[in-house]
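*Asks:*
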Amino acid sequence: MVPVLPHNTSRLLARLLPIVLLLVVFWSALTSLHYSSPTYDEHEYLSRGYLYQQTGSTSLKLRHPILLDALAAAPLRLLPDIVLSADDPAITAGDFHLFAARFMWEANGTRVPQIFFLARLPAIALLLLLIAAVFGWARARFGLLAGLVAMTLAAFDPNLLAHGRLITPDVGQTAFIFLSAFCWWRYWQKSTLGRLLTAALLLGLAQTAGYPALVLYPLFLVIGGVTVWQRPDRRAAVWFYLRDYVILVAVSGLVIWAIYGFSWGPVDAFGFMIPLPAPYYWEEFLDLLTRLSRQDIAYLNGEVYRGGRWQFFVVGLLVKTPLPILILSASGLILFFYCRALLRDVSLWLIELF
453 MVPVLPHNTS RLLARLLPIV LLLVVFWSAL TSLHYSSPTY DEHEYLSRGY LYQQTGSTSL
513 KLRHPILLDA LAAAPLRLLP DIVLSADDPA ITAGDFHLFA ARFMWEANGT RVPQIFFLAR
573 LPAIALLLLL IAAVFGWARA RFGLLAGLVA MTLAAFDPNL LAHGRLITPD VGQTAFIFLS
633 AFCWWRYWQK STLGRLLTAA LLLGLAQTAG YPALVLYPLF LVIGGVTVWQ RPDRRAAVWF
693 YLRDYVILVA VSGLVIWAIY GFSWGPVDAF GFMIPLPAPY YWEEFLDLLT RLSRQDIAYL
753 NGEVYRGGRW QFFVVGLLVK TPLPILILSA SGLILFFYCR ALLRDVSLWL IELF
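Read left to right, the sequence shown gives residues 453 to 806 (the numbering used here).
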């Protein structure tokens, strides 16, 4: 049974502690920007985003969608004297390594501290949004105390703190995937048009933040199907659900198209030229598939090898995740399977387990 706090204390904690935690995370991330040097690939993401914003060029393909790069580049409008060589041959050649090096270190080398300080601010904002969403979901599901515990764990998670201030897609993708799943869960708590459209909006933004979000489409379909099947009026409810799922997919697709400026053009899909909306989105996805088919060199547990191994991600999860989080996660899974109240809405818990 979840402990219940006194009413006045609950109100104070609900208003004060989440704000304090967010301020601590914000201050920690902000003050670290002054001594955090650019990482290996930050300048590449930022350069691609700035080029796209200024020229609309789709020649550079970094194998992930444009949204996070464009968000990082947006604050650079405050620096009007940034030098951009739009006719750089590296752009035409699609060499983002060379273009990014020329753009950042050669053309704008004297402005690097200011550029990176501004460009990292959107990443920090997404980190704060993610932590706030963790609090909101846990509080809605289990109460204030659970929300504060979950928020504290997220606020001091070393992986989130490390990546939440960098111009990389990790935390941004996590934030949009989590937010879209949260909104889909809220839709099933109360199926209103507003909640459905909000879930569709966040789902579309998640797609333009990273291709891993594509798994949300079948996941949401299965979750909704299982939920409807558990209802006594499932025969009638299934048609309403299918209608709403079609709306979800259609609106999220419209969001993707809008992020890419409602562009339309041919896409070379395995030798066939197919006209599609947001061609840049699909070109990068196909480029990613080609990249994943390569047998690159990798390292795991003292061994250098070619190709991919499923153990890599398991070992990475166990090594990089703090032990208290692993212990709490294992305890939560055990409690989940022993608590009948949680099993009654098992389909909705698939989102959070994901």
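Where is the CB? At the ideal position from N, CA and C, for every residue including glycine.
Leaving out five residues on either side along the sequence, give the residues of the same chain with a beta carbon under 7 angstroms from the beta carbon of L648.
*Replies:* The residue given as residue 648 occupies position 196 in the sequence shown. Counting only Cβ-Cβ distances below 7 angstroms, and skipping sequence neighbours, we find Y639, D696, I699, L700.
*Asks:* Check whether the region 572 to 580 touches the region 474 to 489, taking contact to mean three or more Cβ pairs, one atom from each stretch, closer than 8 angstroms.
*Replies:* Touching, yes.
*Asks:* If you draw a straight line from the C-alpha of A525 to the C-alpha of R687, how long is it?
*Replies:* Stepping through the sequence shown from its first residue, residue 525 is reached at position 73. Stepping through the sequence shown from its first residue, residue 687 is reached at position 235. One C-alpha to the other measures close to 49 angstroms.
*Asks:* Here's the rule I'm using: 16 or more other beta-carbon atoms within 10 Å means buried, otherwise exposed. How should Y757 be labelled?
*Replies:* In the sequence shown, residue 757 corresponds to position 305, counting from 1. With fewer than 16 other Cβ atoms within 10 Å, it is exposed.
*Asks:* With DSSP run on the structure shown, which of helix, strand or coil describes A730?
*Replies:* As a working note, residue 730 is residue 278 in the sequence shown. Looking at A730 - three-state DSSP - the assignment turns out to be coil, as it is neither helix nor strand.
*Asks:* With distances taken Cα to Cα, identify the nearest neighbour of L512 among E558, F548, L469.
*Replies:* In the sequence shown, the residue the question calls residue 512 occupies position 60. When each option's Cα is compared against that of L512, the closest is F548.
*Asks:* Relative to the C-alpha of F478, which residue among L582, R463, D533, T510 is closest?
*Replies:* Looking up residue 478 in the sequence shown gives position 26. The shortest Cα separation from F478 among L582, R463, D533, T510 belongs to L582.
*Asks:* Residues bridged to L752 by DSSP?
*Replies:* On the sequence shown, position 300 is the one that residue 752 refers to. E755, per the DSSP bridge assignment.
*Asks:* Rounded to the nearest angstrom, what separates G717 and E735 at their Cα positions?
*Replies:* What you label residue 717 is simply residue 265 of the sequence shown in a count that begins at 1. What you label residue 735 is simply residue 283 of the sequence shown in a count that begins at 1. Taking the straight line from one Cα to the other gives about 10 angstroms.
*Asks:* Given a cut-off of 9 angstroms, decide if P517 and A661 are closer than it, judged by their beta-carbon atoms.
*Replies:* What you label residue 661 is simply residue 209 of the sequence shown in a count that begins at 1. What you label residue 517 is simply residue 65 of the sequence shown in a count that begins at 1. In contact: A661 and P517 (Cβ atoms closer than 9 angstroms).
*Asks:* Do W636 and I675 have their CB atoms nearer than 9 angstroms?
*Replies:* Reading the sequence shown from its first residue, position 184 is the one you call residue 636. Reading the sequence shown from its first residue, position 223 is the one you call residue 675. Yes.
*Asks:* Give the DSSP-derived three-state secondary structure of F724 in the structure shown.
*Replies:* Within the sequence shown, numbered from 1, the residue matching residue 724 stands at position 272. Reduced to three states, the DSSP call for F724 is strand.
*Asks:* In the structure shown, what three-state DSSP assignment does W709 receive?
*Replies:* Counting from one through the sequence shown, the residue named residue 709 turns up at place 257. Residue state, collapsed to three classes: helix.
*Asks:* Per the DSSP calculation, W716 is bridged to which residue(s)?
*Replies:* Position 264 of the sequence shown, counted from the first residue, corresponds to residue 716. Paired residue(s): P729.
*Asks:* Please report how far the alpha carbon of L531 lies from the alpha carbon of E558, in whole angstroms.
*Replies:* Here residue 531 corresponds to residue number 79 of the sequence shown, with the count starting at 1. Here residue 558 corresponds to residue number 106 of the sequence shown, with the count starting at 1. If I take the Cα positions, the gap works out to 17 angstroms.
*Asks:* Considering Cα atoms alone, identify which of F672, A607, S643 is closest to A481.
*Replies:* The count along the sequence shown starts at 1 and reaches residue 481 at position 29. It is A607.
*Asks:* Which residues in the same chain as L578 place their Cβ atom closer than 7 angstroms to its Cβ, once the five residues preceding and following it in sequence are excluded?
*Replies:* Taking the sequence shown and counting its residues from 1, the one referred to as residue 578 is at position 126. These residues qualify, in order along the chain: V623, G624, A627.
*Asks:* Taking the beta carbon of V680 as the centre, do at least 16 other beta carbons fall within 10 Å, making it buried, or is it exposed?
*Replies:* By one-based count along the sequence shown, residue 680 stands at place 228. Buried, by the Cβ-count rule.
*Asks:* Figure out for me which residue from I534, N753, V707 has the closest Cα to the Cα of L519.
*Replies:* Against the sequence shown, residue 519 aligns to sequence position 67. Of the listed residues, the one whose Cα sits closest to L519 is V707.
*Asks:* Could you spell out the range, first to last residue, of the alpha helix (DSSP H) harbouring D622?
*Replies:* By one-based count along the sequence shown, residue 622 stands at place 170. Where D622 is concerned, the enclosing alpha helix (DSSP H) starts and stops at 621 to 641.
*Asks:* Should L580 go down as buried or exposed, given a rule of 16 or more other Cβ atoms within 10 Å for buried?
*Replies:* Working through the sequence shown from its first residue, we reach residue 580 at position 128. Result: buried.
*Asks:* Select from R563, F568, T507 the residue whose C-alpha is nearest the C-alpha of D493.
*Replies:* Taking the first residue of the sequence shown as position 1, residue 493 is located at position 41. Measuring from the Cα of D493, the nearest candidate turns out to be F568.
*Asks:* Pick helix, strand or coil for H495, following the three-state DSSP scheme.
*Replies:* For the purposes of this step, residue 495 is taken as residue 43 along the sequence shown, with counting starting at 1. Of the three classes helix, strand and coil, the one that applies to H495 here is helix, per DSSP.
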